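Here the structure comes first, spelled out in structure tokens, and everything after it is commentary.
In the UniProt record's numbering, the protein residues as written are 1 to 945.
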């Protein structure tokens with residue numbers, strides 16, 4: 001029998017074919033001839049080779065290839081299907097063993113069936129929800145990556161700038177008024193940007209990585225009526241009378257009406273009211289003209305209009321301005337008559353509140369009880385307060401005065417009548433009228449005060465009832481403020497006095513300021529729009545006439561401004577960039593100027609930069625080409641604006657760019673060399689930013705088939721190992737134990753080191769074997785004997801507890817309770833006085849040359865006591881030596897006071913606080929103990945020296 005073929009490989013893979021190549025086995029080539037080859041293949045999901053051969057179910061297919069041919073093509077395969085393929089060598093004797101089977105995945109193919117059950121439902125005048133079901137499974141030929149919805153306007157012009165739903169769709173205008181929406185994530189989409197009151201045809205196509213499938217049968221949908229997109233045209237007006245205007249217009253263009261126009265609204269108001277934010281007057285009509293009645297005479301009006309349908313109100317037109325005709329004026333606002341001399345009178349008046357035209361003259365009328373009416377025309381009209389002096393009047397007669405104004409339309413109503421008795425003497429009077437001055441900062445202001453009286457009055461100015469001295473008083477008694485400041489705001493009083501009486505007038509100065517600072521609040525945010533709202537400023541005098549909204553992309557210096565009306569309180573800004581941060585601020589405006597801008601509000605539109613996919617999400621190949629499918633690259637919520645694809649071999653330094661075939665293409669391919677390594681670099685950009693990703697691939701069929709499995713196994717191993725590391729007690733317990741032991745050893749070493757370092761300077765105590773440390777609160781008088789039993793100490797009676805560090809020598813055994821209480825006061829930092837006794841210095845070798853016996857006159861215990869004492873007291877002065885001399889001859893009782901008068905332990909002395917009886921603190925008690933041991937030590941001056 002021949003040996004199996006060798007070098008069995010795949011040369012090319014298609015959606016319905018696989019090209020194979022092999023070579024004859026080396027052993028067979030030299031010994032046994034091969035007459036033909038047998039190719040066996042089956043779908044990987046079917047039965048195994050052994051079961052299929054035995055059962056003969058027809059799931060395994062055989063193809064014979066005559067020798068010497070060493071290549072073959074398997075055809076009529078299914079797209080996107082895994083096949084197992086093996087080959088035998090055969091001759092007249094039999095066939096060889098099979099080769100190791102190859103696992104091959106055929107490429108996808110464009111769907112051959114359309115989506116099913118298409119439906120369309122309008123949800124507004126400009127949007128439609130389209131739903132569908134995927135094509136039949138047998139007609140998909142690969143994973144469906146998305147759908148394209150084609151919306152075609154049957155009549156009219158498609159609106160520009162439409163968008164798909166959820167911000168994930170790509171919408172664009174196609175040929176023949178067709179809107180294309182790309183939906184990747186679901187089986188429905190909401191199509192925006194349609195024209196109201198229009199008929200549309202909708203079809204859907206499915207696509208996979210191989211291409212686009214056929215169109216579905218179309219469905220029709222009619223959008224509801226919407227608000228007109230254009231205002232009425234040809235708006236004009238004319239004055240009919242001083243109280244009425246005639247308005248005319250034409251309807252909006254038919255293609256912009258978005259339905260049947262049901263009527264019109266006319267908005268009008270005086271221009272002066274428009275500036276201060278007064279409410280508009282509205283009149284509704286179904287005609288194309290209307291007459292406005294009840295208007296103010298000789299007033300400039302602003303007129304606007306809009307059309308409305310069943311879908312809502314349309315766009316408001318730009319204003320036109322119309323002036324009503326002149327009328328006779330109203331009566332003057334006020335009149336005042338005051339005596340100016342013994343035979344003359346000063347008449348003053350204020351202009352009418354509504355002049356109803358241009359005042360061309362005023363007429364002053366006067367008469368007495370004995371004479372007829374006389375009149376005088378006044379044409380000097382520039383002043384805000386008008387005066388006329390009537391002279392040559394008769395003394396002691398009463399006169400009556402009145403005033404009227406005139407326009408080109410005629411003479412207005414005569415004012416009320418004021419009377420006055422003319423006498424030789426007159427009390428002080430002020431002819432000026434009270435005024436309120438609204439002035440800007442740093443501007444001048446004049447407050448009038450025209451006085452009359454016989455004799456002439458004395459004039460003074462007051463502010464808040466105090467004399468005004470900071471500003472200039474003019475010759476005509478007016479007060480002049482050259483530059484108004486904040487402190488100048490308030491009420492000013494002009495007072496005139498003479499012997500016959502007094503008079504006064506009050507003026508008010510109000511500083512006009514821009515509106516105060518406002519606060520800006522965030523409403524909702526989408527991928528391309530932001531809603532903002534605000535509240536009016538707390539102070540605005542004069543009133544607000546509008547707002548200025550500014551916005552910019554974050555970290556940019558070019559602010560964009562938008563003017564808003566005085567009645568607006570919110571706005572939605574559209575056409576913003578997706579996924580970008582913006583800054584917003586707003587300021588109110590009045591007649592004075594623009595107020596301070598609000599604090600900047602920073603927010604970001606929805607969306608992010610494109611997502612970074614895995615290699616297997618967008619790349620596949622078969623050894624002769626590599627396919628790049630960008631339709632599966634997540635856009636991060638912002639539509640993809642552009643992308644660039646480049647590739648090169650691993651060894652090359654030059655990148656080659658792949659260009660798009662058409663605007664809707666998202667799938668690209670490039671030819672490769674078998675078993676060559678390539679770098680594929682893809683750059684994707686949207687409004688939020690860009691992402692560049694480089695993929696390292698190998699042009700062999702097995703690379704893409706196995707890459708995902710290898711990646712999954714690697715991730716599983718990493719996850720499994722991480723779980724075992726944190727959960728396996730065989731790993732955790734030794735680690736924790738080692739850490740605890742290390743910490744314990746470190747603490748012990750630290751304690752030992754600290755004790756040794758302190759022991760060098762630690763105080764030592766007597767070596768008596770019977771010496772014990774114990775605590776007693778009941779020993780009122782304790783008699784103790786030192787090493788030679790010659791020094792006895794009887795401390796004073798204590799009323800309280802002794803310090804825990806007090807020490808006594810006793811031959812008695814230590815009670816257990818006392819011993820336990822003493823042990824509880826041990827510390828790591830200080831050796832207690834019951835530690836091991838210190839060996840006398842003369843017992844240590846090499847310290848000093850001496851005999852083995854103690855000095856003359858001293859036994860070993862005395863020398864031990866004295867040696868211990870020398871370690872702690874340091875150098876003693878002469879007085880201490882003298883004290884020891886006395887101690888050799890006689891016993892001595894020492895109290896605590898007498899101990900502290902000597903310098904046995906001067907560096908360690910502590911103050912003792914006496915409160916009736918002595919209570920020693922801890923440190924003082926320990927020093928006292930050491931001085932007691934000095935008293936117990938017997939020695940001579942000669943030995944110490």
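C-beta: ideal position from N, C-alpha, C; glycine also. Keep in mind it's a predicted model, so treat the numbers as computed, not measured.
Are the CB atoms of residue i and residue j nearer to each other than 8 Å?
| i | j | result |
| --- | --- | --- |
| residue 319 | residue 332 | no |
| residue 65 | residue 41 | no |
| residue 259 | residue 196 | yes |
| residue 433 | residue 418 | no |
| residue 488 | residue 509 | yes |
| residue 82 | residue 140 | no |
| residue 308 | residue 265 | yes |
| residue 322 | residue 449 | no |
| residue 77 | residue 8 | no |
| residue 507 | residue 492 | yes |
| residue 422 | residue 335 | no |
| residue 280 | residue 243 | no |
| residue 672 | residue 637 | no |
| residue 98 | residue 142 | no |
| residue 230 | residue 315 | yes |
| residue 390 | residue 441 | no |
| residue 324 | residue 239 | yes |
Which stretch, first to last residue, makes up the beta strand (DSSP E) that contains residue i?
| i | result |
| --- | --- |
| residue 178 | 178-183 |
| residue 255 | Where residue 255 is concerned, there is no enclosing beta strand (DSSP E), although the alpha helix (DSSP H) it sits in stretches over 254-257. |
| residue 597 | First-last for residue 597: undefined, no H or E at that position. |
| residue 7 | 6-13 |
| residue 344 | 344-350 |
| residue 572 | 570-573 |
| residue 479 | 479-481 |
| residue 322 | 320-323 |
| residue 490 | 490-498 |
Spatial neighbours of residue i within its chain, please: C-beta separation below 8 Å, excluding the five flanking residues on both sides.
| i | result |
| --- | --- |
| residue 234 | 248, 249, 250 |
| residue 647 | 626, 655, 656, 658, 670, 678, 679, 680, 681 |
| residue 558 | 552 |
| residue 997 | This structure does not reach residue 997, given that the chain is present from 1 up to 945, and the question cannot be answered. |
| residue 580 | 553, 554, 604, 605, 687, 688 |
| residue 406 | 328, 329, 359, 360, 361, 362, 363, 412 |
| residue 4 | 25, 87, 88, 89, 96, 97, 98, 99 |
Give me the DSSP bridge partner(s) of residue i.
| i | result |
| --- | --- |
| residue 122 | 128 |
| residue 71 | 21 |
| residue 419 | 400 |
| residue 452 | 429 |
| residue 83 | 43, 104 |
| residue 692 | 683 |
| residue 670 | 626 |
| residue 748 | None, per the DSSP bridge assignment. |
| residue 362 | 378, 405 |
| residue 3 | Answer is none; residue 3 lacks a bridge partner. |
| residue 703 | Per DSSP, none; premise fails for residue 703. |
| residue 561 | 550 |
Taking the continuous alpha helix (DSSP H) assigned at residue i, which residues delimit it?
| i | result |
| --- | --- |
| residue 618 | 615-618 |
| residue 148 | Element bounds for residue 148: not the alpha helix (DSSP H) but the beta strand (DSSP E), 146-153. |
Spatial neighbours of residue i within its chain, please: CB distance less than 6 Å, with the 5 preceding and 5 following residues excluded, ordered by chain position.
| i | result |
| --- | --- |
| residue 498 | 428, 453, 455, 457 |
| residue 19 | 11, 12, 73 |
| residue 829 | Legend: pLDDT at residue 829 = 42, less than 50; position of this residue unreliable, value from coordinates given subsequently. If we look at residue 829 and ignore the five residues flanking it on each side, it has no Cβ neighbours. |
| residue 174 | With a pLDDT of 49 at residue 174, under the threshold of 50, the modelled position of this residue cannot be trusted; read the value that follows with caution. Only 180 meet the Cβ criterion. |
| residue 890 | Because the pLDDT at residue 890 is just 40, under 50, the model does not fix this residue reliably, and the value given afterwards should be weighed accordingly. Once the five neighbours on either side are set aside, residue 890 has no close Cβ partner at all. |
| residue 286 | 263 |
Using a Cβ-Cβ cut-off of 7 Å (strictly less than) and excluding sequence neighbours within five positions of residue i, which residues of its own chain qualify?
| i | result |
| --- | --- |
| residue 103 | 44, 82, 84, 705 |
| residue 388 | 347, 364, 376, 378 |
Against chain B, does residue i count as a neighbour if the rule is that its beta carbon must be under 8 Å from one of theirs?
| i | result |
| --- | --- |
| residue 388 | The structure shown has no chain B; it contains just one protein chain. |
Runs of alpha helix (DSSP H) lying entirely within the stretch 507-533, each at least 4 residues, in chain order: none
In chain order, which continuous runs of the alpha helix (DSSP H) of length 4 or greater are located wholly inside the stretch 267-317? 271-275
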